[in-house]
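Asks: Submitted below is the structure of interest, expressed as structure tokens.
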Amino acid sequence: MSTDPNFSSHDPARPALAADRREFLRLTSGGVSALALSSLINKGQAAELSGPRLHHQQKAKSVILCYMSGGFSHVDSFDPKPILKEMHGKPLPMAIERTQFDAVGNIMASPWEAKKWGQSGLEMTDMFPKIAECADDLAIVRSMTAKFSEHSQGNFFMHTGFPFLGYPSAGSWVTYGCGTENPNLPGYVVLRSNKA
Numbered sequence: 015m016s017t018d019p020n021f022s023s024h025d026p027a028r029p030a031l032a033a034d035r036r037e038f039l040r041l042t043s044g045g046v047s048a049l050a051l052s053s054l055i056n057k058g059q060a061a062e063l064s065g066p067r068l069h070h071q072q073k074a075k076s077v078i079l080c081y082m083s084g085g086f087s088h089v090d091s092f093d094p095k096p097i098l099k100e101m102h103g104k105p106l107p108m109a110i111e112r113t114q115f116d117a118v119g120n121i122m123a124s125p126w127e128a129k130k131w132g133q134s135g136l137e138m139t140d141m142f143p144k145i146a147e148c149a150d151d152l153a154i155v156r157s158m159t160a161k162f163s164e165h166s167q168g169n170f171f172m173h174t175g176f177p178f179l180g181y182p183s184a185g186s187w188v189t190y191g192c193g194t195e196n197p198n199l200p201g202y203v204v205l206r207s208n209k210a
């Protein structure tokens, strides 16, 4: 039997180190309180030390990425490529990495006409004339390239930088790097629908 008063037992039949509920709460209350206090202090210190995290003043409050897998073609909408008219029906001039279905077709030109819209002169097709009226308010990325022509690999690559499953997406990295305004809500959400 332990002679330590901190581990006393009212029932001699119980093991020497067993404590009843009151003794357990008395012995552990200080540690639990310290953990809670530590958590609160760390949150306060983190907020003080974080300060302004951006190199420049942000203009946007949020970003909404509408990624529609199986949607309209980029060359038929916001990324016209006039050279495709010259190359229509011809095979690709460069080697493409092998894909899941290993079927790479010939080049196909867009049936839509491209022109410059807005004061910025943003070039896009006439597929969406109402969206084209907002050309000066759009941010269009045209620098994505990949060494494969298959949609599934292209989808993974566009969101993660890798052509296969298992890597974090750009939204995950942005949230990891920049944090979130509300620690109780996710900073990045994906809404998925099987109806699309």
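Everything in the sequence shown is counted per this note's numbering, starting at 15 for the first residue and increasing by one.
Quick reminder that beta carbons are idealized off the backbone N, C-alpha and C, glycines included.
No experiment lies behind these values; they were computed from the predicted model shown.
#1: Can you tell me where the alpha helix (DSSP H) with Leu-98 in it begins and where it stops?
#2: Can you tell me the Cα-Cα spacing of Ala-160 and Pro-177, whole angstroms?
#3: Since Asn-196 and Ser-83 are thought to touch, with beta carbons under 8 Å apart, how far apart are those beta carbons, to the nearest angstrom?
#4: How far does the beta strand (DSSP E) with Thr-139 in it reach, from first residue to last?
#5: Curious, which full-length alpha helix (DSSP H) runs of at least 4 residues does the stretch 132-174 contain?
#6: Would you identify the three-state DSSP class for Ala-109, choosing helix, strand or coil?
#7: Check the C-beta distance from His-102 over to Ala-128 and give it rounded, since I have them as a contact under 8 Å.
#8: Do Ser-163 and Val-118 have their CB atoms nearer than 7 Å?
#9: When burial is assigned at 16 or more other CB atoms within 10 Å of the CB, is Ala-210 buried or exposed?
#10: What did DSSP end up calling Ala-184 once you bin it into helix, strand or coil?
#11: If you check the beta carbons only, do Trp-126 and Ala-149 fall under 7 Å apart?
#12: In whole angstroms, what separates the C-alpha of Met-172 from that of Ile-110?
#13: Which one or two residues does DSSP pair with Ala-128 in a beta bridge?
#14: Please work out which residues of its chain come closer than 6 Å, Cβ to Cβ, to Val-188, disregarding the five sequence neighbours upstream and downstream, and give them in chain order.
#15: Using the beta-carbon count (16 or more within 10 Å), is Ser-91 buried or exposed?
#16: Using 7 Å as the threshold, is the C-beta distance between Glu-147 and Pro-94 below it?
Replies: According to the structure shown:
#1: From DSSP, the alpha helix (DSSP H) with Leu-98 extends over 97-101.
#2: About 9 Å.
#3: About 29 Å separates the two Cβ atoms, so there is no contact after all.
#4: For Thr-139, the enclosing beta strand (DSSP E) begins and ends at 136-139.
#5: Listed in chain order, they are 143-146, 165-174.
#6: The answer is coil: DSSP assigns Ala-109 none of H, G, I, E or B.
#7: Between Ala-128 and His-102 the Cβ distance is about 15 Å, and since that is not below 8 Å, they are no contact.
#8: In this structure, Ser-163 places its C-beta atom within 7 Å of the C-beta atom of Val-118.
#9: Since pLDDT at Ala-210 reaches only 42, below the 50 mark, its modelled position is unreliable, and the value read off the structure follows with that caveat. Exposed, by the Cβ-count rule.
#10: In this structure, DSSP gives Ala-184 a helical state, which the three-state scheme calls helix.
#11: Not a contact, by the Cβ cut-off of 7 Å.
#12: Answer to the nearest angstrom: the Cα atoms are 17 Å apart.
#13: Answer by DSSP bridge pairing, in chain order: Thr-139.
#14: So the list is empty, once near-sequence residues are dropped.
#15: Ser-91 should be labelled buried.
#16: No, these two residues do not count as a Cβ contact at 7 Å.
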